């Protein structure tokens, strides 16, 4: 089953369809009835029956039918009744009443003037419209049309008695009614299959959309995983290359300020020799978590540059560089990772070199990174466990 409440959705679709058809039938019928009303009045006046005589029943029938169709058109098209769960049952009953009223007018007109309209032509047309235009369940067909047929047979019997004409009309109607019923049921089941197929198609589209979204998310996660260093969980060297390409393309838009920061764990090779590579990997993981927190806090790009080195690239962030460097040094110190073989301290420490400059061309990015490397080299030569930051004025950018 496509829906948990399939019957509700089929009924809702049928009501919406029937309301649209009521609008169409009311519009077309109003035009036809208005034309026939004018003709009837013209012939009635032309035959000299207008002076002092009451209007014939056929004219009153047309007038009533015209008003009825106008009201139906008003409520279905102009007022536009919304189909909701709360009013679905009431609308379904109103449609049944409409079918009854429509066929009753057919009965009234057929009984009013059988000669002009070849006896039962109007009733036949209205009944066929009811069967082939509207989606009717069994009750909506049998009750309204059954009552209308009973009224028609009763009227014909009163007019013609049990004559040969009446027997012919009776035979005709007894054939017409079952034929109309089977036509109506065929249309109903065809409509039901169509609604179910549309629902299944909609369901498949929704499933496909969700699967596509999940696939895009999975691909995005794979792309992220491919760009992450599995040990430290920061970006890897491949991600650095992609980010530098982004920075190179950004130059085409406008010059910008770039801060390049390189970080090196002090005497990490000595740490591995002393404590082993397993402990070394654990130390890298802990420092990686510190760097991830910093990257999230300051919204900066951090990647593993290679071995025990990390790179930080900061756009328009020259006023944040010192703060970031100080925070990293402080947080790494707070990890209290033992490193007794280090000449600097008894715990693991880091050295940081930073360089900030204006970027006007692609070569400037390489220069900025190289200068950060040189700043890191100077920090190492001056005792380590510190940072150095050189800024080239970027006033020309403002």
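In the numbering used here, the protein residues as written are -14 to 383.
Quick reminder that beta carbons are idealized off the backbone N, C-alpha and C, glycines included.
Please read these numbers as outputs of a predicted model, since none were measured by experiment.
Residue state for residue 237 is assigned as coil, using DSSP reduced to three classes. By DSSP's assignment, residue 373 forms a beta bridge with 338. About 12 Å separates the Cβ atoms of residue 172 and residue 114, ruling out a contact at the 8 Å cut-off. As computed with DSSP, residue 301 is found in no beta bridge at all. Here residue 297 is buried. Its C-beta has 16 or more other C-beta atoms within 10 Å. The alpha-carbon separation between residue 365 and residue 357 amounts to approximately 12 Å. The continuous alpha helix (DSSP H) containing residue 81 extends over residues 73 to 97. Under the Cβ criterion (8 Å, minimum of three pairs), the stretch 250 to 259 counts as touching the stretch 320 to 332.
Non-local beta-carbon contacts of residue 133 in its own chain, meaning distances under 6 Å to residues more than five positions away in sequence, involve 88, 89 and 92 in chain order. Residue range 306 to 320 is occupied by the alpha helix (DSSP H) that includes residue 319. The residues 57, 61 and 83, in chain order, have a CB closer than 7 Å to that of residue 7 in the same chain once the five nearest residues on each side in sequence are set aside.
Per DSSP, the continuous beta strand (DSSP E) segment holding residue 287 begins and ends at 286 to 291. Per DSSP, residue 65 lies in no alpha helix (DSSP H) segment and is marked neither H nor E. Spanning the alpha carbons of residue 180 and residue -10 requires a straight line of approximately 13 Å. If you check the CB distance, residue 130 and residue 106 do not come in under 8 Å.
Under the three-state reduction of DSSP, residue 345 is assigned to coil, being neither helix nor strand. Within a 10 Å sphere around the beta-carbon of residue 263 sit fewer than 16 other beta-carbons, which makes this residue exposed.
Residue 165 sits away from residue 96, with the two beta carbons spaced by 8 Å or more.
It is roughly 9 Å from the alpha-carbon of residue 324 to the alpha-carbon of residue 334. Here the alpha carbon of residue 142 sits roughly 30 Å from the alpha carbon of residue 19. Of the candidates 137, -3 and 162, the residue whose Cα lies closest to the Cα of residue 151 is 137. Here the alpha carbons of residue 372 and residue 311 stand approximately 8 Å from one another. In the three-state scheme derived from DSSP, where H, G and I count as helix and E and B as strand, residue 214 is classed as coil. A straight line joining the alpha-carbon of residue 236 with that of residue 345 spans about 6 Å.
With a threshold of 16 other beta carbon atoms within 10 Å, residue 154 meets it and is buried.
In this chain, the alpha helix (DSSP H) harbouring residue 262 covers 262 to 283.
With fewer than 16 other beta carbons inside 10 angstroms of its own, residue 157 counts as exposed. Per DSSP, the continuous alpha helix (DSSP H) segment holding residue 117 begins and ends at 106 to 118. By the neighbour-count criterion, in which 16 or more other beta carbons inside 10 Å mark a residue as buried, residue 336 falls on the buried side.
Between residue 291 and residue 222, the gap from beta carbon to beta carbon is short of 8 Å.
Here residue -8 is exposed, its C-beta having fewer than 16 other C-beta atoms within 10 Å.
Excluding five sequence positions before and after residue 271, the CB atoms of its chain that fall closer than 8 Å to its own CB belong to 320 and 322, given in chain order. Counting other Cβ atoms within 10 Å of its Cβ, residue 25 reaches 16 or more and is therefore classed as buried. For the 8 Å CB-CB criterion, residue 197 and residue 340 do not form a contact. The Cβ neighbour count for residue -4, taken over all protein chains shown within 10 Å, is at least 16; the residue is labelled buried.
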